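J.: Mapping of the sequence shown onto the UniProt record's numbering: position 37 corresponds to residue 37, and the numbering continues sequentially without gaps.
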Amino acid sequence: MADVIATLDEGVIRERYSLLCQSCEDRPNGAAKEDEAILQTLESLIEQDLPTLARKGSPSTFTDILHELRHEMVRFREFCEYPELSSKVVVGLGGSFSAGKSSLINALVGDRNCLVTEVDPTTSLPTYLVKGNDGETTEVRAINLFNRLISISHKQFRTLTHEERESYGSQVSRMLKSVIVSHQGFGWENLALLDTPGYSKADEQGSARTDAGIARSQLNSAQFIIWLVPADQGTITEDDIAFLATLDRAIPKLIIVSRADKHPEETISKIITLVGKTLAQRGIEVLDILPFSNRPRQPYSVSPLAKYLDDWDRIPRDPGFTRQFKRQFMAYENYLDEARQDAQRQLSKFNRILTLSDDPSVQADILSLQRKNKASLHQLEDISQSLNVIQQQFFSGLKQIGQRLGIPLDEPESLSLLEYAPISLQKMLLALADERDIDLRDEVDTGLWQVLTWHMLPKNVERLLRRDVPEMADIWQPLMDDAPLSGLDALLRRNHTHFTSLQTLSKGSSS
Numbered sequence: 001m002a003d004v005i006a007t008l009d010e011g012v013i014r015e016r017y018s019l020l021c022q023s024c025e026d027r028p029n030g031a032a033k034e035d036e037a038i039l040q041t042l043e044s045l046i047e048q049d050l051p052t053l054a055r056k057g058s059p060s061t062f063t064d065i066l067h068e069l070r071h072e073m074v075r076f077r078e079f080c081e082y083p084e085l086s087s088k089v090v091v092g093l094g095g096s097f098s099a100g101k102s103s104l105i106n107a108l109v110g111d112r113n114c115l116v117t118e119v120d121p122t123t124s125l126p127t128y129l130v131k132g133n134d135g136e137t138t139e140v141r142a143i144n145l146f147n148r149l150i151s152i153s154h155k156q157f158r159t160l161t162h163e164e165r166e167s168y169g170s171q172v173s174r175m176l177k178s179v180i181v182s183h184q185g186f187g188w189e190n191l192a193l194l195d196t197p198g199y200s201k202a203d204e205q206g207s208a209r210t211d212a213g214i215a216r217s218q219l220n221s222a223q224f225i226i227w228l229v230p231a232d233q234g235t236i237t238e239d240d241i242a243f244l245a246t247l248d249r250a251i252p253k254l255i256i257v258s259r260a261d262k263h264p265e266e267t268i269s270k271i272i273t274l275v276g277k278t279l280a281q282r283g284i285e286v287l288d289i290l291p292f293s294n295r296p297r298q299p300y301s302v303s304p305l306a307k308y309l310d311d312w313d314r315i316p317r318d319p320g321f322t323r324q325f326k327r328q329f330m331a332y333e334n335y336l337d338e339a340r341q342d343a344q345r346q347l348s349k350f351n352r353i354l355t356l357s358d359d360p361s362v363q364a365d366i367l368s369l370q371r372k373n374k375a376s377l378h379q380l381e382d383i384s385q386s387l388n389v390i391q392q393q394f395f396s397g398l399k400q401i402g403q404r405l406g407i408p409l410d411e412p413e414s415l416s417l418l419e420y421a422p423i424s425l426q427k428m429l430l431a432l433a434d435e436r437d438i439d440l441r442d443e444v445d446t447g448l449w450q451v452l453t454w455h456m457l458p459k460n461v462e463r464l465l466r467r468d469v470p471e472m473a474d475i476w477q478p479l480m481d482d483a484p485l486s487g488l489d490a491l492l493r494r495n496h497t498h499f500t501s502l503q504t505l506s507k508g509s510s511s
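#1: Applying the criterion that 16 or more other CB atoms from any shown protein chain within 10 Å of the CB defines a buried residue, is Ser303 buried or exposed?
#2: Please give the ranges of any alpha helix (DSSP H) in the UniProt domain "Dynamin N-terminal" (95-247), keeping only runs that are unbroken, at least 4 residues long and fully inside the region.
#3: Relative to the C-alpha of Trp312, which candidate in Leu193, Leu149, Asn294, Asp342 has its C-alpha closest?
#4: Ignore the nearest five residues each way along the sequence and tell me which others in Arg75's own chain have a CB closer than 7 Å to its CB.
#5: Look at the alpha carbon of Gly234 and the alpha carbon of Thr273, and state the distance between them as a whole number of angstroms.
#6: Can you give, in chain order, each stretch of the alpha helix (DSSP H) that sits fully within the segment 284-372 and has at least 4 residues?
#7: Determine the DSSP secondary structure at Ile438, reduced to helix, strand or coil.
#8: In the structure shown, what three-state DSSP assignment does Ile268 receive?
#9: Return the residue from the list Ala37, Lys56, Thr7, Ile46 that minimises the CA-CA distance to Leu380.
#10: Using 8 Å as the threshold, is the C-beta distance between Ile226 and Val257 below it?
#11: Three or more beta-carbon pairs under 8 Å between the segment 329-347 and the segment 260-274, yes or no?
#12: Would you mind sorting Thr63 into buried or exposed? The rule is 16 or more other CB atoms within 10 Å of its CB.
#13: In or out: Thr7 buried (at least 16 other Cβ within 10 Å) or exposed?
#14: In whole angstroms, give me the CA-to-CA distance for Thr137 and Asn388.
#15: The beta strand (DSSP E) that contains Ile255, what's its start and end?
#16: Report buried or exposed for Tyr300, applying the criterion of at least 16 other Cβ atoms within 10 angstroms of its Cβ.
#17: Starting from Val12, follow its DSSP beta bridges and name the residues at the other end.
#18: Just how far apart, CA to CA, sit Gln281 and Ile241?
#19: Which word fits Met73, buried or exposed, when buried means at least 16 other C-beta atoms lie within 10 angstroms of its C-beta?
#20: Measuring straight from C-alpha to C-alpha, what distance separates Gln370 and Asn351?
#21: Just to confirm my understanding: we take Pro59, look at its own chain, exclude 5 residues before and 5 after, and list those with CB closer than 6 Å. What are they?
#22: What is the C-beta distance between Ala99 and Gly198, in whole angstroms, given that I count them as a contact (C-beta under 8 Å)?
#23: In whole angstroms, what separates the C-alpha of Leu20 from that of Arg77?
#24: Could you round the C-beta distance between Asn190 and Arg317 to whole angstroms and report it? I think they count as a contact, below 8 Å.
#25: Within 10 angstroms of the Cβ of Ser368, are there 16 or more other Cβ atoms? Answer buried if so, exposed if not.
#26: Helix, strand or coil: how does DSSP classify Leu409 here?
#27: For residue 523, which residues in the same chain have their Cβ closer than 7 Å to its Cβ, ignoring the five residues on either side in sequence?
#28: Could you give the C-beta distance for Ser178 and Ile214, rounded to a whole number, given that I count them as a contact under 8 Å?
#29: Rounded to a whole number of angstroms, what is the C-alpha to C-alpha distance between Gln156 and Tyr82?
#30: For a test of the three-state rule: what should DSSP assign to Gly92, helix, strand or coil?
#31: Thinking just about the alpha-carbon of each residue, which of Glu10, Cys80, Lys101 is nearest to the one in Ile407?
#32: Taking all protein chains shown into account, decide if Ser96 is buried (16 or more other Cβ within 10 angstroms of its Cβ) or exposed.
#33: Give the DSSP-derived three-state secondary structure of Asp26 in the structure shown.
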């Protein structure tokens, strides 16, 4: 490093030193200065109060809950430092390292020098691109590790590559969390493109900022996702599929086959078909699959993608902070609810045993277990009440900041965040049998219930329901006529070995 610095002239060294000083700025400034006290209170609730409560009782996934809350808090600080982002619809760009995300953005703005196209995966520097004012030069601002907004030149921004250490003897990018680039060539007023780092694992030990968890959190905070698949791979990889499966299913996704100019049109067409078929088989829904090349005079321009961006540009912005925070608190609440239900069921069983047993020693043991169970139930109630207090304080602070930013940050209703999920009939059956003291675990044919719990997306729903036929009413009418059902016993599996046990369960439930 010393040898590199010795080769630099005085002007470059002064400029680099100034950039390093800016990157290390830790004093509140701008909008964050007004909200610093509230932000510190919110962080204290996440970093101190919640872990303290978790020591009394928490789900096995509490570390994941805490990680998501921390990341969302970092993102919220970014919005406080740069409030303009709160009015933008965020479109996240994802894919493996060197998938062509930055090249795609450069093509959208018509400037090959807008973003750095070769970023070391160990830097993990997400970049927001927003529309700049007409006639102004490209403006670059960054959020450092102390959550402070700093201004850097476009020239300095372009030095934040994997060659920075070799060229300047510094690693300023390690001091930055994210960058906001305002470019007049970006034609969508209400959009912010988020260029996320590749989800590939870090090459260097200790480079935790490049792990898949960070990329996943960034993409899950977006309203739309554009995922790039290099045409060189021939199809979408298993790593890509596994990563896409972990993203929020409710976020619309668009697939871009990048570097399409390196293959004949017939090959690209086959790649698109194969990618679509593979994703459908794995239950991943996408809006479309579009080929792209940044080379001129190629049939794969950005025009089809631009049409989607035009549509998204007209959609009202929802920052999503309150929903993301509430989902994590709900995960804790769901654990407490299930734990209380289990404790109540155990208590009911103990009461039943006490009424059936006359043995004093058995009754003494049951009473001892009953007291422990009641104590556990009271503790769960106390934890639940404390969690509610933490939530009230947290969302109250969010609301105060939202009032200054001019965006609604009220606590969302839990019902509005319920997600539909496949129902396991086998688990429901075994739980009901357990309540009725009926042992089905050795008799139930798991294969019978397994097929009913598969999560499968129906294809061609419109054609399946004949919604595309004008005479739909005439077609459905015969299905409404009363007609005998053949093979009813086989359909209901009355000829199966466990039918008698199920009948017993049904009678117990009806009584």
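Glycine included, C-beta positions come from ideal geometry on N, C-alpha and C.
Note that this is a predicted model, so its numbers are computed, not measured.
T.: By the coordinates alone:
#1: exposed
#2: 101-109, 154-157, 164-168, 212-220, 238-245
#3: Leu193
#4: Non-local C-beta neighbours of Arg75 in its own chain, meaning closer than 7 Å and more than five positions away in sequence, comprise Ser221, ordered along the chain.
#5: 11 Å
#6: 303-313, 321-356
#7: Reduced to three states, the DSSP call for Ile438 is coil.
#8: In the structure shown, Ile268 sits in a helix (DSSP, three-state: H, G or I).
#9: Answer by Cα proximity: Lys56.
#10: no
#11: Touching, no.
#12: exposed
#13: Its Cβ having fewer than 16 others within 10 Å, Thr7 is exposed.
#14: 49 Å
#15: Going by DSSP, Ile255 is part of the beta strand (DSSP E) stretching over 253-258.
#16: So Tyr300 ends up on the buried side.
#17: Answer by DSSP bridge pairing: none, since Val12 is not bridged.
#18: 11 Å
#19: Counting the other CB atoms within 10 Å of its CB gives Met73 a total of 16 or more, which places it among the buried residues.
#20: 8 Å
#21: Answer for Pro59: Tyr335, listed in chain order.
#22: 7 Å
#23: 21 Å
#24: 7 Å
#25: exposed
#26: coil
#27: Residue 523 falls outside the range modelled here, since the chain spans only 1 to 511, and no answer is possible.
#28: Rounded, the Cβ-Cβ distance is 11 Å, inconsistent with contact.
#29: 20 Å
#30: strand
#31: Cys80
#32: buried
#33: coil
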